[in-house]
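What follows is a set of notes on a single structure, which appears directly below.
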Amino acid sequence: KQEVTQIPAALSVPEGENLVLNCSFTDSAIYNLQWFRQDPGKGLTSLLLIQSSQREQTSGRLNASLDKSSGRSTLYIAASQPGDSATYLCAVASGYSTLTFGKGTMLLVSP
Amino acid sequence: SQTIHQWPATLVQPVGSPLSLECTVEGTSNPNLYWYRQAAGRGLQLLFYSVGIGQISSEVPQNLSASRPQDRQFILSSKKLLLSDSGFYLCAWSPGQGTNTQYFGPGTRLTVL
Numbered sequence: 705k706q707e708v709t710q711i712p713a714a715l716s717v718p719e720g721e722n723l724v725l726n727c728s729f730t731d732s733a734i735y736n737l738q739w740f741r742q743d744p745g746k747g748l749t750s751l752l753l754i755q756s757s758q759r760e761q762t763s764g765r766l767n768a769s770l771d772k773s774s775g776r777s778t779l780y781i782a783a784s785q786p787g788d789s790a791t792y793l794c795a796v797a798s799g800y801s802t803l804t805f806g807k808g809t810m811l812l813v814s815p
Numbered sequence: 003s004q005t006i007h008q009w010p011a012t013l014v015q016p017v018g019s020p021l022s023l024e025c026t027v028e029g030t031s032n033p034n035l036y037w038y039r040q041a042a043g044r045g046l047q048l049l050f051y052s053v054g055i056g057q058i059s060s061e062v063p064q065n066l067s068a069s070r071p072q073d074r075q076f077i078l079s080s081k082k083l084l085l086s087d088s089g090f091y092l093c094a095w096s097p098g099q100g101t102n103t104q105y106f107g108p109g110t111r112l113t114v115l
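Chains as they are written, first to last, in our numbering: chain D, 705 to 815; chain V, 3 to 115.
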């Protein structure tokens, strides 16, 4: 059974810092890995999707990497802003049409 | 463009009462549809998914059920709610299997008292 772990559970940084969120998964037989953002009381917004054959994806200040063999992914956020404050969720597609989520990293960026 | 709707946005129900949550998708056809639950302190848990009308797969045994009466409509139901059913329920859709991202609705906050 696939298990996804996210570290740290919470992170507080001052505005402008670069930061890294970590995600690990137990079964390397995956279709893809996705990073989502969730604002309090809201649904999820897809940030980046990395196919199993890819090593990284970039979107603006966000960069996600994937090392499938070691079961790890990182989400790098450059020059953090208060608007980046949210919970970031990592999810792995390893079954037919299903995602397994981590519990998330709650990020607070203070001005 | 595609949009996904969920209602109601919030719901407070007594233990033992029935439940019906609705999810609809616009702007696409034959989507895969999903129901997730997010409980306090826990990750998102997949409850049901559907690859077509009348086709429902259950991931977790529980007192909830799902139905897909139309191509772009997905309903989550219960005959008798439990306290443990409280949580944030999210519906999602994807254009295919495996390699595609899922798009999430705004969610329904359910509190069972």
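All residues carry an ideal CB built from backbone N, CA and C; glycine is no exception.
Local conformation of residue i per DSSP, three classes
i         : result
V/Pro-71  : strand
D/Pro-712 : coil
D/Pro-786 : helix
D/Asp-771 : strand
D/Ser-757 : coil
V/Thr-88  : Reading off the sequence shown, one finds Ser at residue 88 of chain V, where the question assumed Thr. It is coil, neither helix nor strand.
V/Gln-8   : strand
D/Leu-779 : strand
D/Pro-718 : strand
V/Arg-44  : coil
Contact set between residue i and chain V, taken where Cβ atoms lie within less than 7 Å
i         : result
D/Phe-729 : What D/Phe-729 touches in chain V: nothing, since even the nearest Cβ is about 12 Å away.
Sequence-distant residues of the same chain with beta carbon closer than 7 Å to residue i, five excluded per side
i         : result
D/Thr-749 : Phe-740 and Arg-741
D/Gln-755 : Asn-736
D/Gln-785 : Glu-719 and Val-813
D/Leu-723 : Leu-715, Val-717, Ile-781 and Ser-784
D/Gln-758 : Leu-770
Own chain residues within Cβ distance below 6 Å of residue i, not counting five before or after
i         : result
V/Ser-67  : Ser-79
V/Asn-34  : Val-53 and Ser-96
D/Lys-815 : Contrary to the premise, residue 815 of chain D reads as Pro rather than Lys in this sequence. Glu-719 and Pro-786.
D/Ala-795 : Gln-738, Leu-803 and Phe-805
Beta carbon of residue i nearer than 8 Å to that of residue j
i         : j         : result
V/Gln-47  : V/Val-62  : yes
D/Tyr-735 : D/Ala-797 : yes
V/Ser-88  : V/Leu-112 : yes
V/Asp-73  : V/Ser-31  : yes
V/Phe-90  : V/Cys-25  : no
D/Leu-811 : D/Ser-777 : no
V/Gly-56  : D/Lys-746 : no
Chain V residues whose Cβ lies nearer than 8 Å to that of residue i
i         : result
D/Lys-746 : Pro-108 and Gly-109
Residue i: contacting residues in chain A (beta-carbon distance under 9 Å)
i         : result
D/Ser-763 : Judged by its chain identifiers, the structure shown contains no chain A, and its protein chains are D and V.
Contacts that residue i makes with chain V (C-beta to C-beta distance below 9 Å)
i         : result
D/Leu-770 : Near D/Leu-770 there are no residues of chain V at all, since even the closest Cβ is about 14 Å away, more than 9 Å.
D/Ser-750 : Thr-103, Gln-104, Tyr-105 and Phe-106
CB-CB length for residue i against residue j, believed under 8 Å
i         : j         : result
D/Leu-766 : D/Leu-753 : With a Cβ gap of about 12 Å, D/Leu-766 and D/Leu-753 do not count as contacting.
V/Leu-92  : V/Gly-107 : 6 Å
Nonlocal neighbours in the same chain, by C-beta distance under 8 Å from residue i, ignoring five residues either side
i        : result
V/Pro-20 : Ser-79, Ser-80, Lys-81, Lys-82 and Leu-83
Neighbour list for residue i in chain D, Cβ cutoff strictly below 9 Å
i        : result
V/Gly-54 : Simply none; closest approach about 11 Å.
Chain D residues whose Cβ lies nearer than 8 Å to that of residue i
i        : result
V/Gly-45 : Val-708, Leu-793, Phe-805, Gly-806, Lys-807 and Gly-808
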